[in-house]
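Data first, discussion second: the structure below is written as structure tokens.
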Amino acid sequence: MDDVFAEGSRLTLRLGVVSLFLAYVIYAYVQRQNKYEADTLFSEEHGCKPLKKRLPYRWPLALDVFKRQYDALMAGKLLASQAEFFDETQVGQTFEVKLLGRVGYFTTDPKNIEAIVSTHFEGNMPLADWSLGSRRAGLFPMVGEGIFTQDGHRWKHSRELLRRQFMRIQYQDVKVFEIPVNNLLAALSSSTGVVDLQHELFRFTLATTTSLIFGEPFAGLDSTDHEIFAENFDYCVLISAIRLRLANLCFLYSPLKFKKGCAEVKRYATYYVNHVLKDKDENSEELASKRHPFILDLFKEL
């Protein structure tokens, strides 16, 4: 009697598993059909032409493409590797990419870029024409809420904040470049043989950018603090780039060093924010705004 009961239980379990699997297959099929019909209707309404090019791959889930990009990232040659790969495959200006089961799109077409950043970014998903998709989850641990992780109206607001900053930078005193330029020249003059310009130019760009954003290059921090920030920033950018390629599976790759690095980057930025707010309280908002316009502009928006 017990054997009959056990066999019946196993049969019920198998039927349950099979039923769940079939239900999932049917659900996935219906979802795919609904998406196809919605995309077809959208393309007809907006005059979108079908994509004729797709990035080719050889391994299942395009793992060969993922490996190629991973190797290029680790070698610090992503841009050159991708340009070479796209030339080899002749995919053109706009093409579809399937990676790890997800579909994305690359475009360098000026009209498409204009639509994305200027004319068709209104609204939030699912009503918007396009979105960052899984990129938000991939980048969020490092950069938090901001222009790189936002869609629609929030992205428009962040873009306006940055636009005002870039307009101000056009009239910025060139003295902000003096120390970074001198450091770059000193590093190059003390080098012998072949020089890795990528490393030196990264440090130069980081120094000038932090000066322009935070308003002053040092603010009580010593060179060790800047080096720690630069190393963590560089590492977190690398890991974030890998997470982007994992799409919805990015949660699977979050090393402990990455979490600590993100915390260090935020600590560095928080130090400057607190320094600016202290300057505002001690010396008046008018004087502080001349030294740190960007941070105070952001502070007013909170």
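Numbering of the sequence shown is given in our numbering, commencing with residue 930 and proceeding in unit increments. Every residue, glycine too, gets a C-beta built ideally from N, C-alpha and C.
DSSP state of residue i mapped onto helix, strand, coil
| i | result |
| --- | --- |
| V1123 | coil |
| R1031 | strand |
| R1092 | helix |
| R1310 | Because residue 1310 is not part of the residues shown, which for the chain are 930 to 1231, the question remains open. |
| T1037 | coil |
| D968 | helix |
| S1047 | helix |
| S1060 | coil |
| G976 | coil |
| K982 | coil |
| Y1182 | coil |
| G1239 | Residue 1239 lies beyond the residue range present for the chain, which begins at 930 and ends at 1231; the question has no answer from this structure. |
Span of the beta strand (DSSP E), counted from its first residue to its last, around residue i
| i | result |
| --- | --- |
| E1025 | T1023 to L1028 |
Distance between beta carbons of residue j and residue i, contact taken as under 8 angstroms
| i | j | result |
| --- | --- | --- |
| I1157 | F1187 | 15 angstroms between Cβ atoms; not a contact. |
| T1137 | V1105 | 7 angstroms |
| L1091 | I1076 | 6 angstroms |
| T1018 | P985 | 6 angstroms |
| R1064 | L1173 | 6 angstroms |
| Y1200 | L1150 | 7 angstroms |
| L1002 | A1170 | 6 angstroms |
| F995 | L1029 | 7 angstroms |
| R1088 | D1226 | Between D1226 and R1088 the Cβ distance is about 13 angstroms, and since that is not below 8 angstroms, they are no contact. |
Residue range of the alpha helix (DSSP H) that includes residue i
| i | result |
| --- | --- |
| V1205 | L1185 to N1212 |
| D1000 | L992 to A1004 |
| R1172 | S1152 to L1175 |
| T1018 | L1007 to T1018 |
| I1108 | E1107 to S1118 |
| G1067 | R1064 to V1072 |
| I1076 | Premise fails: I1076 is in no alpha helix (DSSP H) and is neither H nor E. |
| L1225 | P1222 to E1230 |
Length of the line joining the Cα atoms of residue i and residue j
| i | j | result |
| --- | --- | --- |
| A1217 | A991 | 52 angstroms |
| N1111 | H1128 | 16 angstroms |
| K1219 | Q998 | 43 angstroms |
| V1205 | A1115 | 30 angstroms |
| R1132 | V1124 | 14 angstroms |
| L1117 | V1103 | 21 angstroms |
| A1176 | E1215 | 44 angstroms |
| S1183 | G1067 | 10 angstroms |
| N963 | Y956 | 11 angstroms |
| D1080 | P1222 | 25 angstroms |
| V959 | A967 | 12 angstroms |
| E1043 | C1191 | 32 angstroms |
| D877 | R987 | As displayed, the chain neither begins before 930 nor continues past 1231, which places residue 877 out of reach and without an answer. |
| F1024 | F1228 | 40 angstroms |
| K1195 | M1071 | 8 angstroms |
| T1139 | P979 | 43 angstroms |
| K981 | Q1022 | 11 angstroms |
| I1098 | S972 | 40 angstroms |
| N1041 | K1207 | 44 angstroms |
| L1178 | L1007 | 21 angstroms |
| Y965 | K1027 | 16 angstroms |
| T1048 | E1230 | 24 angstroms |
| C977 | T969 | 9 angstroms |
Closer than 8 angstroms to chain C by CB, residue i
| i | result |
| --- | --- |
| H1221 | In the structure shown, chain C does not exist; there is a single protein chain. |
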